[in-house]
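In this note's numbering, the protein residues as written are 863 to 1120.
Report on the structure given below.
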Amino acid sequence: MAATATTDAPVFDKKTWMGGVEPMKASYGKLMMWFFLISDTFTFSALLVTYGLIRFSYQAYDPAIHGEFHFSNLYWPIPERVYEAVPFLHGVELPLVFVGIMTFILIFSSVTMVLAVEAGHRMDRAAVEKYMLWTILGGLTFLGSQAWEWAHFIHGTDQGTVIKELVDGKWVERTIFGANLVENQYGPPAFADLFFFITGFHGTHVLSGVVLNILIFYRTAFGLYDRRGHYEMVEKVGLYWHFVDLVWVFVFTFFYLV
């Protein structure tokens, strides 16, 4: 900004942003969505760092020390031994197969969201409706799968885990089935606490995304965005949905692979 010699009125360079336009082609709505996602990134990062610190404060399973593998609160459980069940295949051990299917479904729903956004750019209302519907179905399927996994985790295995407790000065054996916020068949109670909190927190985000997607689908079906002349809202909700999918990749890596 500089003033001329003959007048006190400021003279602005044409490149100076004076408001009323979109900086870097990002609208106010998209900019606020990015701010929210950045703040949410810090939350998930803190949770996963906490998980890592607690996880590595426990010793890993060592056959030379612990003998044949069995669930014990003396060491952190092996994910392949915990997440090996599949619906309708009771007694069949398929390590990480079900959670792999869940992950594929969620990632595929991100693809359909991309297609919905692209269709919105073309003002193709029918295509937006189609791909938003597929995205909603993918999100609901993931939530249903996660609910089943939680139910199985809480119920536990048929055999359970035998632990010894000191009761009235005597050591007695008791069998634990499943996991909750107090005790855990699969290992240290902290393992179950972190599982319920972090996967539940992510599941809440998925549920919120499904609700938003249903709202977008409803408004698209009734032609609201055609009357507005753009489908930017689809793109903004799409940013949130892609974030939820990306976070799951990290949750999947920490809980199921490490």
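Ideal Cβ placement from N, Cα and C applies to all residues, glycine included.
In this text, all values refer to a predicted model and were calculated from it rather than measured experimentally.
Roughly how many angstroms lie between the CA atoms of residue i and residue j, to the nearest whole one?
i: Ile927; j: Gln1008; result: 34 Å
i: Ala867; j: Met985; result: Confidence at Ala867 is low in this model, with a pLDDT of 48, below 50, so its placement is unreliable and the value that follows should be read with caution. If I take the Cα positions, the gap works out to 51 Å.
i: Ser971; j: Leu1086; result: 23 Å
i: Phe897; j: Leu968; result: 23 Å
i: Asp1107; j: Lys892; result: 18 Å
i: Gly1001; j: Phe933; result: 32 Å
i: Tyr913; j: Ser919; result: 10 Å
i: Thr1061; j: Val1024; result: 27 Å
i: Tyr890; j: Met1095; result: 12 Å
i: Ala1041; j: His1092; result: 49 Å
Determine the contact status of residue i and residue j, defining contact as a CB-CB distance below 7 Å.
i: Phe1105; j: Leu899; result: yes
i: Gly1049; j: Ile1038; result: no
i: Leu1101; j: Met895; result: yes
i: Phe948; j: Phe931; result: In the sequence as presented, Phe is not what sits at residue 948; that position holds Val. No, the Cβ-Cβ distance between Val948 and Phe931 is not below 7 Å.
i: Glu942; j: Glu955; result: no
i: Glu803; j: Ala1083; result: Here the chain comprises residues numbered 863 to 1120, so residue 803 is not present and cannot be evaluated.
i: Phe1004; j: Met964; result: yes
i: Asn1075; j: Ile998; result: yes
i: Leu910; j: Phe1116; result: yes
i: Ala1052; j: Ile916; result: yes
Closest Cβ-Cβ distance between residue i and chain D: below 7 Å?
i: Leu910; result: The chain inventory of the structure shown lacks chain D, comprising one protein chain alone.
Would residue i be called buried (16 or more neighbouring beta carbons within 10 Å of its own) or exposed?
i: Glu1097; result: buried
i: Pro939; result: buried
i: Trp1103; result: buried
i: Val979; result: buried
i: Met863; result: Any answer about Met863 is weak, because its pLDDT of 46 lies below 50 and its placement is not dependable; what the coordinates show is given next. Its Cβ having fewer than 16 others within 10 Å, Met863 is exposed.
i: Ala1013; result: exposed
i: Gln1047; result: buried
i: Leu1056; result: buried
i: His983; result: exposed
Excluding five sequence neighbours on each side, which residues of the same chain lie with their C-beta closer than 8 Å to the C-beta of residue i?
i: His952; result: none
i: Gly1071; result: Gly1001, Val1099, Tyr1102, Trp1103 and Val1106
Among residues of its own chain, excluding the 5 on either side of residue i, which ones have a beta-carbon nearer than 7 Å to its beta-carbon?
i: Met994; result: Ala978, Asn1075, Ile1078, Phe1079 and Thr1082
Within the present structure, is the beta-carbon of residue i separated from the nearest heavy atom of the ligand FMN by less than 6 Å?
i: Ala1009; result: Because no ligand of any kind appears in the structure shown, any question about the ligand FMN cannot be addressed here.
* **Length-filtered (3 minimum) beta strand (DSSP E) runs lying within the region 978 to 1055** => 1023 to 1029 and 1032 to 1038
* Entirely enclosed alpha helix (DSSP H) segments - the region 924 to 987, minimum 4 residues -> List check, alpha helix (DSSP H) in window: 925 to 928, 941 to 944 and 959 to 983.
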